[in-house]
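Colleague: Going by this note's numbering, 436 is the number at position 436 of the sequence shown; the sequence numbering is gapless.
Using N, Cα and C, we set each Cβ at its ideal position, and we do this for glycine too.
What you are looking at is a predicted structure, and each value in this text was computed from that prediction instead of being measured.
Encoded as structure tokens, here's the structure I'll be asking about.
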Amino acid sequence: MKRLLILALAGLALAGCGQKYTQPELGARKAPVLTEGKYQFKDLNKNGKVDPYEDWRLPMEDRIADLISQMTLEEKAGLMFHPNIAVPESGQIKYDFTDEEKALLAKAEEEGYAGPVGPGGQNANAMAIGQMRRTATAKSYIEEKNFRNILNNGTAAPRKFAEWSNGMQEIAEASRLGIPIMFSTDPRHGSGTGAHVRGTQYFSQFPSNEGQVGITSARDPQLVEDFGAIVAQEYRAVGLHMILGPQIDVMTEPRWSRNMGCFSESAELTTEMLEAFMDGAQGKDGQVGPGKILVHLKHWPGSGPHADGTGSWLVYPGGNQEYHYMPWKAGIAKNALAAMGYYSGTYVDTLNVNYSYIMSTEVLRGQLGFKGAVCTDWGVASRGPLNPRLQGKTTIQDNYAMIYNAGVDQIGSETHPEYVVDLVKEGRISEERVNEAAARILQWHFILGLFENPYVDPDKAEEILQCEANQSRAYQAQLESNILLTNDGTLPAKEGIKLYAEGVNAQTAAKYATLVDKPADADLILVRTTTVPEGRGRGGQGEVNIDFPAEKWAHIQDLRKAGKPVVVAFNPTGSSCVLPPAVKTDLNASLMVFDVFDSALLDVVFGKFKPVGKLSFEVPSSMDAVRAQLEDVPFDSKDPTFAFGHGLSY
Numbered sequence: 001m002k003r004l005l006i007l008a009l010a011g012l013a014l015a016g017c018g019q020k021y022t023q024p025e026l027g028a029r030k031a032p033v034l035t036e037g038k039y040q041f042k043d044l045n046k047n048g049k050v051d052p053y054e055d056w057r058l059p060m061e062d063r064i065a066d067l068i069s070q071m072t073l074e075e076k077a078g079l080m081f082h083p084n085i086a087v088p089e090s091g092q093i094k095y096d097f098t099d100e101e102k103a104l105l106a107k108a109e110e111e112g113y114a115g116p117v118g119p120g121g122q123n124a125n126a127m128a129i130g131q132m133r134r135t136a137t138a139k140s141y142i143e144e145k146n147f148r149n150i151l152n153n154g155t156a157a158p159r160k161f162a163e164w165s166n167g168m169q170e171i172a173e174a175s176r177l178g179i180p181i182m183f184s185t186d187p188r189h190g191s192g193t194g195a196h197v198r199g200t201q202y203f204s205q206f207p208s209n210e211g212q213v214g215i216t217s218a219r220d221p222q223l224v225e226d227f228g229a230i231v232a233q234e235y236r237a238v239g240l241h242m243i244l245g246p247q248i249d250v251m252t253e254p255r256w257s258r259n260m261g262c263f264s265e266s267a268e269l270t271t272e273m274l275e276a277f278m279d280g281a282q283g284k285d286g287q288v289g290p291g292k293i294l295v296h297l298k299h300w301p302g303s304g305p306h307a308d309g310t311g312s313w314l315v316y317p318g319g320n321q322e323y324h325y326m327p328w329k330a331g332i333a334k335n336a337l338a339a340m341g342y343y344s345g346t347y348v349d350t351l352n353v354n355y356s357y358i359m360s361t362e363v364l365r366g367q368l369g370f371k372g373a374v375c376t377d378w379g380v381a382s383r384g385p386l387n388p389r390l391q392g393k394t395t396i397q398d399n400y401a402m403i404y405n406a407g408v409d410q411i412g413s414e415t416h417p418e419y420v421v422d423l424v425k426e427g428r429i430s431e432e433r434v435n436e437a438a439a440r441i442l443q444w445h446f447i448l449g450l451f452e453n454p455y456v457d458p459d460k461a462e463e464i465l466q467c468e469a470n471q472s473r474a475y476q477a478q479l480e481s482n483i484l485l486t487n488d489g490t491l492p493a494k495e496g497i498k499l500y501a502e503g504v505n506a507q508t509a510a511k512y513a514t515l516v517d518k519p520a521d522a523d524l525i526l527v528r529t530t531t532v533p534e535g536r537g538r539g540g541q542g543e544v545n546i547d548f549p550a551e552k553w554a555h556i557q558d559l560r561k562a563g564k565p566v567v568v569a570f571n572p573t574g575s576s577c578v579l580p581p582a583v584k585t586d587l588n589a590s591l592m593v594f595d596v597f598d599s600a601l602l603d604v605v606f607g608k609f610k611p612v613g614k615l616s617f618e619v620p621s622s623m624d625a626v627r628a629q630l631e632d633v634p635f636d637s638k639d640p641t642f643a644f645g646h647g648l649s650y
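The following block contains the structure:
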């Protein structure tokens, strides 16, 4: 009793002292600023008083509850979508459609357009879809549809990018409740801009155009943490707040087309690198705040083990499903607040994971303890639930209802919040479920500090993006990502030798050697090549074949006839790859590279940098070995050409 009395008195004493707060920097362009005592607040709803959601001193949960209580059903429905608007190269905001564009979009609506499909899908209204994506307007998306989570995969010079973001935030701040926009983007820090982000590269250039498999080769958690920190710094500089990644699928099925976006075939290594990336991107305490970004982990439930490497179903013939949850558990423990469900389904209930209450609620939330918001991958709603008894027999409204009632909070790419309003009025989705989803999503905006200041400094954006320090660290990562597979002593080569080169820039190569036009005139033959057939990927009907293309291997054999040392740098794209055992005997040296600059490859070839990279996945020796593997089990390829962890040095 005495101890309880002391604690009570201590609490009263603390209350009497008053709480000290640190005034955050406010960015207000359309909302008035109110003063209470020595503190200032944005009057986002313009009612002349500080509402709880505007009071940065209050706990986030209280602010969210107050804001939801003031929102209309239409405003809450808008939060439950994550559509696309891309910053144009010009940096000009498109506020409204032209009359011609309005007619085109109206036609698409009349023909039943419901939203873009995912990768590989087809839609008869493809032109209208493309037009809609490119001409989505601020008026329609922000003022009319109440979208406050927008995917921006556009490219523009840093100043124009930052000014565009600020202009969009001004429009949002002027709205009834002044709710800011959370801008997401797909990964864009590669040597090129990546699969989903196209255009001029203004961001610092790390290995791999989209993904982390290259940087994982370095086996350097500090490098990965620095990578995360640079991504956050450069994103926030232009007004981006969330990376749609990292991709934490464990690449146990080498034929899956997204393997090169992953970290590793090892769940343990994937977990280690994820934790390092999150420390840099979100902060070591996981609380984010100004200057940091949110990660959006993908793809739930771990999409590496696709049946035969293709199709729509995840399978676990080795009973190894928990292995694929390992990175998810680590990310959730470090306060990941966003998760993306993939296009595929599991046989637990023969449903796409986004339509599955078992996978989206019972497993992800109940078993793994996820507290954030779940978003579908782009186009999932249009693809349908996969269940054979339902597929092709549901409307887009049916799909929305199934997805939201499964516990998914947000749908990627769709643009019809009015359907949610109708579903609530029809009793197919409860307003309590809408409120739950809205509360989970609004965590993003509050924890990022966007209600206080969503604006960025265009001058700083110009200074930060691709600055010398960031680009130097990115180039170091490129160097460390290169893996020396084989070497009979040919490497490192001496600078100034006669070099015949294919697949590398001639001007770059000329800084290291004297270039010759014929293999027979060379001291060394160097070939840089992708592991897919020229001019096309692995698509098409039938089995996914990841064999190194026969025509490319035949060409390499022809080069050997010149009687000069041959060095080949293999650059896998999409899937993993099969390399024939003859790589070990028929080549004088070989490397694996991941979308690095030619100079980063040549620095290794000519000994300016000693290779340190180690394979983060095994390289099978044949397609027969690939077929014999179990999709969910790591390191089970018979007699791989190169084992996990392989990598030589000088």
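Can the beta-carbon of A437 be found closer than 8 Å to that of I68?
Modeller: Counting from one through the sequence shown, the residue named residue 437 turns up at place 437. Counting from one through the sequence shown, the residue named residue 68 turns up at place 68. No, Cβ-Cβ distance for A437 and I68 is not below 8 Å.
Colleague: If distances are taken between C-alpha atoms only, which option among A138, F642, N166 and L223 comes closest to L479?
Modeller: The residue given as residue 479 occupies position 479 in the sequence shown. It is L223 whose Cα lies nearest to the Cα of L479.
Colleague: Using C-beta distances below 6 Å, list every residue in its chain close to H324, excluding the 5 sequence neighbours before and after it, in chain order.
Modeller: Along the sequence shown, one-based indexing puts residue 324 at 324. Excluding residues within five positions, the ones whose Cβ falls inside 6 Å are V250 and G302.
Colleague: Quick check: what's the CA-CA separation for G309 versus P327?
Modeller: On the sequence shown, residue 309 is found 309 positions in, with the first residue counted as 1. On the sequence shown, residue 327 is found 327 positions in, with the first residue counted as 1. Straight-line Cα distance between these residues: approximately 21 Å.
Colleague: Just how far apart, CA to CA, sit Q443 and G372?
Modeller: Residue 443 sits at position 443 when you count from the first residue of the sequence shown. Residue 372 sits at position 372 when you count from the first residue of the sequence shown. When rounded, the distance between both Cα atoms is 8 Å.
Colleague: By how many angstroms is the C-alpha of F370 removed from the C-alpha of E322?
Modeller: Taking the sequence shown and counting its residues from 1, one reaches residue 322 at position 322. Taking the sequence shown and counting its residues from 1, one reaches residue 370 at position 370. Looking at the two C-alpha atoms, the distance is approximately 16 Å.
Colleague: Determine the closest residue to Y455 out of Q169, Q212 and K638, with distance taken between C-alpha atoms.
Modeller: Position 455 of the sequence shown, counted from the first residue, corresponds to residue 455. Nearest option by C-alpha distance: Q169.
Colleague: If you check the beta carbons only, do V87 and F161 fall under 8 Å apart?
Modeller: By one-based count along the sequence shown, residue 87 stands at place 87. By one-based count along the sequence shown, residue 161 stands at place 161. Yes; because the gap between Cβ atoms is below 8 Å, this pair is in contact.
Colleague: Whose C-beta lies closer than 6 Å to the C-beta of K94 among residues of the same chain, with five residues either side of it excluded?
Modeller: Position 94 of the sequence shown holds residue 94. Excluding sequence neighbours, K94 sits near T137.
Colleague: So E502 is in the beta strand (DSSP E); what residue range does that whole segment cover?
Modeller: Here residue 502 is taken as the residue at index 502 of the sequence shown, counted from 1. From DSSP, the beta strand (DSSP E) with E502 extends over K498 to E502.
Colleague: Which same chain residues, not among the five before or five after A77, have their C-beta less than 6 Å away from its C-beta?
Modeller: Your numbering for residue 77 matches position 77 in the sequence shown. P417, V420 and V421, listed in sequence order.
Colleague: Give every residue of the same chain whose Cβ lies closer than 8 Å to the Cβ of F606, excluding the five residues on either side of it in the sequence, and list them in chain order.
Modeller: One-based indexing of the sequence shown puts residue 606 at position 606. Closer than 8 Å at Cβ, skipping near neighbours: P492, A493, K494, E495, Y512 and A513.
Colleague: With distances taken Cα to Cα, identify the nearest neighbour of V521 among I546, I181, A562 and S481.
Modeller: Here the question's residue 521 lines up with position 521 in the sequence shown. Note that residue 521 is Asp in the sequence shown, not Val. Comparing Cα positions, the closest option is A562.
Colleague: Within the same chain, show all residues whose beta-carbon is closer than 8 Å to that of M71, passing over the 5 residues directly before and after it, in chain order.
Modeller: Walking along the sequence shown from the start, residue 71 turns up at place 71. Excluding sequence neighbours, M71 sits near L177 and A438.
Colleague: By Cβ distance, which residues of its chain are closer than 7 Å to R440, with the 5 residues on each side in sequence left out?
Modeller: The sequence position of residue 440 within the sequence shown is 440, counting from 1. Answer for R440: G372, A373 and D409, listed in chain order.
Colleague: If you draw a straight line from the alpha carbon of G120 to that of H196, how long is it in whole angstroms?
Modeller: Taking the sequence shown and counting its residues from 1, one reaches residue 120 at position 120. Taking the sequence shown and counting its residues from 1, one reaches residue 196 at position 196. In this predicted model, G120 has a pLDDT of only 38, less than 50, meaning its place in the structure is not dependable enough to derive any value.
Colleague: Identify whether G192 lies in helix, strand or coil by the three-state DSSP scheme.
Modeller: Residue 192 sits at position 192 when you count from the first residue of the sequence shown. Looking at G192 - three-state DSSP - the assignment turns out to be coil, as it is neither helix nor strand.
Colleague: According to DSSP, is R528 helix, strand or coil?
Modeller: By 1-based counting over the sequence shown, the position of residue 528 is 528. Strand.
Colleague: For a minimum of 3 consecutive residues, which ranges assigned as the beta strand (DSSP E) are wholly contained in the stretch 141 to 195?
Modeller: Correct list: 149 to 151 and 182 to 185.
Colleague: Which same chain residues end up closer than 6 Å to Y53 when comparing Cβ atoms and leaving out the 5 residues on each side of it in sequence?
Modeller: By 1-based counting over the sequence shown, the position of residue 53 is 53. Excluding sequence neighbours, Y53 sits near R63, D66 and L67.
Colleague: Can you tell me whether D598 is buried or exposed? The criterion is at least 16 other CB atoms within 10 Å of its CB, across all chains shown.
Modeller: Indexing the sequence shown from 1 puts residue 598 at position 598. Under this definition D598 is a buried residue.
Colleague: On the DSSP letters alone, give me the boundaries of the alpha helix (DSSP H) that K298 sits inside.
Modeller: If you number the sequence shown from 1, residue 298 lands on position 298. No alpha helix (DSSP H) contains K298, which is instead part of the beta strand (DSSP E) from L297 to W300.
Colleague: What residue range is occupied by the uninterrupted beta strand (DSSP E) comprising S341?
Modeller: As a position in the sequence shown, residue 341 is number 341, starting the count at 1. The question names Ser, but residue 341 is Gly in the sequence shown. Element bounds for G341: A338 to G341.
Colleague: Determine the closest residue to I179 out of K30, L337 and C467, with distance taken between C-alpha atoms.
Modeller: Here residue 179 refers to the residue found at position 179 of the sequence shown. Nearest of K30, L337 and C467 to I179, Cα basis: K30.
Colleague: Could you tell me the distance, in whole angstroms, from the CA atom of H241 to the CA atom of L465?
Modeller: Residue 241 sits at position 241 when you count from the first residue of the sequence shown. Residue 465 sits at position 465 when you count from the first residue of the sequence shown. When rounded, the distance between both Cα atoms is 15 Å.
Colleague: Helix, strand or coil for W444? Go by DSSP, reduced to three states.
Modeller: As a working note, residue 444 is residue 444 in the sequence shown. The answer is helix: DSSP assigns W444 an H, G or I state.
Colleague: Quick check: the stretch 255 to 271 against the stretch 481 to 488, are at least 3 beta-carbon pairs closer than 8 Å?
Modeller: Cβ pair count under 8 Å is below three, so no.
Colleague: Would you mind listing the beta strand (DSSP E) stretches within the stretch 248 to 302 that are 3+ residues and don't spill past its ends, in chain order?
Modeller: Listed in chain order, the complete beta strand (DSSP E) runs (minimum 3 residues) inside the stretch 248 to 302 are 297 to 300.
Colleague: Quick one: Cα of P385 to Cα of K518, how far?
Modeller: Position 385 of the sequence shown, counted from the first residue, corresponds to residue 385. Position 518 of the sequence shown, counted from the first residue, corresponds to residue 518. Their backbone Cα atoms lie some 57 Å apart in a straight line.
Colleague: Using only the alpha-carbon positions, how far apart do G283 and K292 sit?
Modeller: As a first step, residue 283 must be located in the sequence shown, where it is residue number 283. As a first step, residue 292 must be located in the sequence shown, where it is residue number 292. So the two alpha carbons sit approximately 7 Å from each other.
Colleague: If you reduce the DSSP assignment to three classes, tell me which class N352 lands in.
Modeller: In the sequence shown, the residue the question calls residue 352 occupies position 352. Correct three-state label for N352: strand.
Colleague: How many angstroms separate the CA atom of N149 from the CA atom of K38?
Modeller: What you label residue 149 is simply residue 149 of the sequence shown in a count that begins at 1. What you label residue 38 is simply residue 38 of the sequence shown in a count that begins at 1. Approximately 33 Å between the Cα atoms of the pair.
Colleague: When we look at the beta-carbon of L7 and count the other beta-carbons within 10 Å, is it buried (16 or more) or exposed?
Modeller: Stepping through the sequence shown from its first residue, residue 7 is reached at position 7. No answer about L7 holds up, because its pLDDT of 34 lies below 50 and its placement is not dependable.
Colleague: With contact counted as at least three CB pairs below 8 Å, one residue from each stretch, are the stretch 631 to 640 and the stretch 556 to 570 in contact?
Modeller: With a cut-off of 8 Å, the stretch 556 to 570 and the stretch 631 to 640 do not count as touching, because too few Cβ pairs lie within range.
Colleague: How big is the Cα-Cα spacing for A338 and K608?
Modeller: Your numbering for residue 338 matches position 338 in the sequence shown. Your numbering for residue 608 matches position 608 in the sequence shown. Using only the alpha carbons, I get a separation of about 42 Å.
Colleague: In whole angstroms, what is the alpha-carbon distance linking F642 and S576?
Modeller: Translated into positions along the sequence shown, residue 642 becomes position 642. Translated into positions along the sequence shown, residue 576 becomes position 576. Going by the C-alpha atoms only, they are around 12 Å apart.
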